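Encoded as structure tokens, the structure appears first; notes follow it.
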Amino acid sequence: MVKLLIGKKGTGKTKALLEQVNAASSVAKGNVVFISNNISSAMFDIPRNVRMTDTSEFDIVNYSEFEGFICGIISGNYDITNIFVDGLFKIVANDNTDDLDGLENFLNRLEAISTKFNIM
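Residues in the sequence shown are numbered consecutively from 8, following this note's numbering.
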């Protein structure tokens, strides 16, 4: 399942996402993954059992590369039950973040991956 938290800067999106991460980590039967381009800002708000991945260490420049990144995480661990992404447009930091067709295609592919591997 793919859910989006959309809003202007400072509207509490990250806080709401972290609450969902914490809730999922307390009931998940598998591994919970948190992906962000700035892990240090959320590091102390996330339980130790959540796998945190900082995308700033990689040069992800488009939706296709980010999809491959997510697939790589999934292929390395079949026990993943939840994946949370904070700051999609900051992760895919290029001039095409306003590419709504690319975003729609990315979200559709992500939904298919989520369904195939039973990831929330």
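Ideal Cβ placement from N, Cα and C applies to all residues, glycine included.
Treat the numbers as computed from the prediction; the structure is a model and nothing was measured.
The way I'd put it, the stretch 62-79 does touch the stretch 38-48; three or more beta-carbon pairs between them come closer than 8 Å. The stretch 52-105 is shown to contain whole alpha helix (DSSP H) runs of 4 or more residues at 70-82 and 95-98, in chain order.
Among the bridge pairs identified by DSSP, residue 40 is matched with 58 and 90. The beta carbons of residue 40 and residue 80 sit closer together than 8 Å. Residue 121: member of the alpha helix (DSSP H) spanning 107-123, first to last residue. Listed in chain order, the non-local C-beta contacts of residue 23 below 7 Å within the same chain comprise 12, local neighbours out to five positions each way being set aside.
Shortest Cα-Cα distance from residue 57 to any of 68, 74, 30 and 72 involves 30.
Under the criterion of beta carbons closer than 8 Å, residue 67 and residue 99 qualify as touching, at roughly 6 Å.
Your pair residue 35 and residue 88 checks out as a contact, with CB atoms roughly 5 Å apart and the cut at 8 Å.
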